[in-house]
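Colleague: Here the sequence shown stands for residues 652 to 1093, where the numbers follow the numbering used here.
C-beta atoms are modelled at their ideal positions from N, C-alpha and C, and glycine is treated no differently.
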Amino acid sequence: MRIRPTAISFAVILAATATLAQQPAPAPPPPTDTAAPQTTPAPQPPQAAPVPSLPPPPDITTPPVTPPTPPLSLSPVAATGYDRRDALPNIYLADGQASIRLRKLIKNVLFESQIDYKFVTGDISTFLRYKYYAQNFTYKIAVFDSISFGAIGSHSDEFERVRGGLLLLEFPRDYDHRYFTLLQDDRLTFGDVTRVDNRKNNIYTKFGYQYGTEFDERLNAIVGETRGRQVPVLTVFREVGPQKFSYAAALTESARFSTGDYKYTKFETEAIRRWDLTATQFIVTRGHFGTFLTKDTLCAKGDVTTPQVECYSVPGYEMFSLGGREALRSLSTSNSVSAGTNEFHVTNEYFVPVFRNRDFRYHALHFNTMYAIGYTGFGNAAFTTRDVFRTRDFAVDAGLGTEMALSVRDFDVLLSVLYAHTFRAPEERKGNKVQFSIHTIR
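1) What is the C-beta distance between Lys895 and Arg924, in whole angstroms, given that I count them as a contact (C-beta under 8 Å)?
2) Inspect the beta-carbon positions of Tyr898 and Tyr855 and report whether they are closer than 8 Å.
3) Could you give the first and the last residue of the continuous alpha helix (DSSP H) run that contains Val1059?
4) Just the Cα atoms here: how many angstroms apart are Ala906 and Lys917?
5) In angstroms with no decimal places, state the Cα-to-Cα distance between Leu753 and Gln881.
6) Give me, in chain order, the residues of the same chain whose beta-carbon lies closer than 8 Å to that of Met849; leave out the 5 immediate sequence neighbours on both sides.
7) What residue from Ile1089, His1090, Ile1092 and Leu1069 has the CA that sits closest to Asn1083's CA?
8) Hey, out of Thr864, Asp796, Asp927 and Phe1040, whose CA is closest to Phe1002's CA?
9) So, is His1014 buried or exposed, given that buried needs 16 or more other C-beta atoms within 10 angstroms?
10) I'd like to confirm the pairing. Which residues does DSSP put opposite Tyr913 in its beta bridges?
11) With burial defined as no fewer than 16 other Cβ atoms inside 10 Å of the residue's Cβ, what is the status of Lys755: buried or exposed?
12) Check whether the segment 1022–1030 touches the segment 1048–1055, taking contact to mean three or more Cβ pairs, one atom from each stretch, closer than 8 Å.
13) According to the neighbour-count rule (16 or more other Cβ atoms, all chains shown, within 10 Å of its Cβ), is Asn993 buried or exposed?
14) Give me, in chain order, the residues of the same chain whose beta-carbon lies closer than 7 Å to that of His828; leave out the 5 immediate sequence neighbours on both sides.
15) With a Cβ-Cβ cutoff of 8 Å, do Lys946 and Val965 count as a contact?
16) Would you call Gly859 buried or exposed, if buried means 16 or more other Cβ atoms sit within 10 Å of its Cβ?
17) Measure how close the beta-carbons of Glu876 and Ala785 come, nearest whole angstrom, since I'm counting them as under 8 Å.
18) Tell me, to the nearest whole angstrom, how far the beta carbon of Arg937 is from that of Thr845; I am working on the premise that it is less than 8 Å.
19) So what does DSSP say about Gln1086, is it helix, strand or coil?
20) Thinking C-alpha only, which one of Thr903, Ile1092, Glu811 and Met970 is nearest Asp1061?
21) Under 8 Å Cβ to Cβ from Met970, same chain only, skipping five residues before and after it: list those, please.
22) Which first and last residues belong to the alpha helix (DSSP H) in which Glu868 is found?
23) Return the first residue and the last residue of the alpha helix (DSSP H) that Thr772 is part of.
24) Any idea if Asp837 is buried or exposed, counting beta-carbon neighbours within 10 angstroms, 16 or more meaning buried?
25) Are Ala1071 and Gly1030 closer than 8 Å when you measure CB to CB?
26) Nearest to Lys857 by CA position, among Leu819, Ser776 and Phe908, is which residue?
27) Excluding the 5 residues preceding and the 5 following Asp767 in the sequence, name in chain order all residues of the same chain whose CB lies nearer than 6 Å to its CB.
28) Comparing C-alpha positions only, which one of Arg780, Val813, Arg1080 and Phe1034 sits nearest to Gly941?
29) Would you mind reading off the limits of the beta strand (DSSP E) that contains Asp1063?
30) Helix, strand or coil for Gln689, going by three-state DSSP, please let me know.
31) Buried or exposed: which applies to Lys782, given that a residue is buried once 16 or more other Cβ atoms fall within 10 Å of its Cβ?
32) To which residues does DSSP link Ser972 through a beta bridge?
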C-alpha cells in the first residue's frame, strides 16, 4: 500500500498539536522597567571605625555610713525611738558610780541588762528589761533589785533594798507628743527592822504626758521608770523640742490594793527651755514642781521624835528632793534634810564655747568640742504648801564647770564637770560639791 506524502505530513501535525496541548503555558516574561535610570552616587572615602568609649572609673570613695533600717512593721514614730534609744551610752561613770548596759536588738524586740555600782558606798542595782516596738505603741517589762547602804563613816549595818517589777506602755501620737501608762510594784526591806516602811509593798500606777524630746533622762523619769537612769550633770541633749521647749507631767496613784500598803496621789511636772543668745552661746533653763495631792499623816501632832519624812503614807524614795543632780547641785541630801512633800526649783546653765569642731590631739585622745559653763539655781522643799513658798527658806547656789566631747580609739566620750556652792539656804542644807560624769558611746 502506498502512503502518500500528504497523509504523512497531516499525521505529524496532529501529533505535535496533542503534545503541545499537554504542556503548561510558559511564564510570561518580566515587565520591562521603563523608569529613568538612577544616578550612581559618587564613592565616599572610607570612614575610620569609631573608637569604643572607656567606662568611667569606679567610684573609690567610701559610701556614707547609714544607720540600720528599722523593721518595716514599725510606724515612723516608733522607728525614730527605735534607732535613737539603741545608741544611748553603754558605759557611764559619775561620782564614783559605774553603769554598764548590754543590749541585743532582735527585730522589734530590745533585750537589755544593766548593772549599776557605787565604788564608795557599795550600792549595787541590777535590771533586766524587755521592750517591744509595736506598730503604734511600745511596751516595756522590767524587773529590778537595788540595795543601798549608809553613808561613809556611819559605822552601821543599815541598808535599804527595793526589788520589784513594772509594765510601761508608751503611745506616741507623733514625733513630739507621747502618752504613758505605768504599773509598778516595789517591795521594801530595811536593815533596821523598826523602820515603819520595812517589809511593805508599794503598788502604784502612773499616767503621764510628754512633749518635745524623748531622750532627756529627767523628763523620762517623771512619766516612766525612775530607777536605773543615767542622770548627767548638765543638760546633754541640745535639741529639746519644737520651739526649743520640752515638757512632761505625770499623776501617780498608789492604793492599798492587794498587797499594797501605801495610799497617796502625787503630781509632778518639769519643763525645759533653750535660749539662744548668739549662734554659739545659749542658756538652758529647767523648772520643776511637785506636790502630793492626797496623803495620810501617820505621826501624832507634836511628835518630834519621828523623822518628818516618815510621818506620811508615802515611802521615802517617793519624796521630792531639793538637792542632787536633778535639782540644786550643791545642797546636802544626807538624812533627808532637803526632802519634802512639796518642792520647786529653777536652774540655768549658760554654755560658752571654748572651741568647736576641732581636732586637738594628745596621745590617743582627740578633743573635738569644749564648753565653759556657768550654773545658777534656786528653790525650796517643805512638808506643807505654806512653807514651800516661804522666801526666808529659799536655797540659792551657783557654780562653774566644763563639758568636753572627745574620742579615744573607737569610743566617743562626753565628759562633764561642775563645781557648785550654796550661797543661801538653811544651815543644814548648805554644801559644796564637785560633780562629774563620763559617757562613752561605741
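Modeller: On the basis of the data shown:
1) Taking C-beta atoms under 8 Å as the contact rule, Lys895 and Arg924 qualify, at a distance of about 6 Å.
2) In this structure, Tyr898 lies away from Tyr855, with their beta-carbon atoms at least 8 Å apart.
3) Under the DSSP assignment, Val1059 falls outside any alpha helix (DSSP H), being part of the beta strand (DSSP E) whose first and last residues are Ala1046 to Val1059.
4) Going by the C-alpha atoms only, they are around 12 Å apart.
5) So the alpha carbons of these two residues sit roughly 14 Å apart.
6) Residue identity check: residue 849 is Asn in the sequence provided, not Met. Excluding sequence neighbours, Asn849 sits near Leu839, Thr840, Phe841 and Asp843.
7) When only C-alpha atoms are compared, the closest one is Leu1069.
8) Relative to Phe1002, the option among Thr864, Asp796, Asp927 and Phe1040 whose CA is nearest is Asp927.
9) Classification for His1014: exposed.
10) Partner(s): none; Tyr913 has no beta bridge.
11) Flag for Lys755 reads exposed.
12) Short answer: they touch.
13) Within a 10 Å sphere around the beta-carbon of Asn993 sit 16 or more other beta-carbons, which makes this residue buried.
14) Result list for His828: Tyr862, in chain order.
15) Against a cut-off of 8 Å, the Cβ pair of Val965 and Lys946 comes out as a contact.
16) Its Cβ being crowded by 16 or more others within 10 Å, Gly859 is buried.
17) Glu876 to Ala785, Cβ: 18 Å. No contact.
18) So it is not a contact: roughly 38 Å between Cβ atoms.
19) Gln1086 falls in the strand class under three-state DSSP.
20) The shortest C-alpha to C-alpha distance from Asp1061 to any of Thr903, Ile1092, Glu811 and Met970 is the one to Ile1092.
21) Around Met970: Val960, Ser987, Ala990, Gly991 and Thr992.
22) First-last of the alpha helix (DSSP H) with Glu868: Glu868 to Val874.
23) Premise fails: Thr772 is in no alpha helix (DSSP H) and is neither H nor E.
24) Around the beta carbon of Asp837, 16 or more other beta carbons lie within 10 angstroms, which makes this residue buried.
25) Contact flag unset, no.
26) Its Cα nearest to that of Lys857, the residue Leu819 stands out among Leu819, Ser776 and Phe908.
27) Sequence-distant Cβ neighbours of Asp767 in its own chain, meaning closer than 6 Å and more than five residues away, are Ser750 and Ser776.
28) It is Phe1034.
29) Going by DSSP, Asp1063 is part of the beta strand (DSSP E) stretching over Phe1062 to Arg1075.
30) Interpretation of Gln689 is limited by its pLDDT of 48, a score under 50 that renders its predicted location unreliable; the figure taken from the coordinates is listed afterwards. Collapsing the DSSP output to three states places Gln689 in coil.
31) Counting other Cβ atoms within 10 Å of its Cβ, Lys782 reaches 16 or more and is therefore classed as buried.
32) Per DSSP, Ala990.
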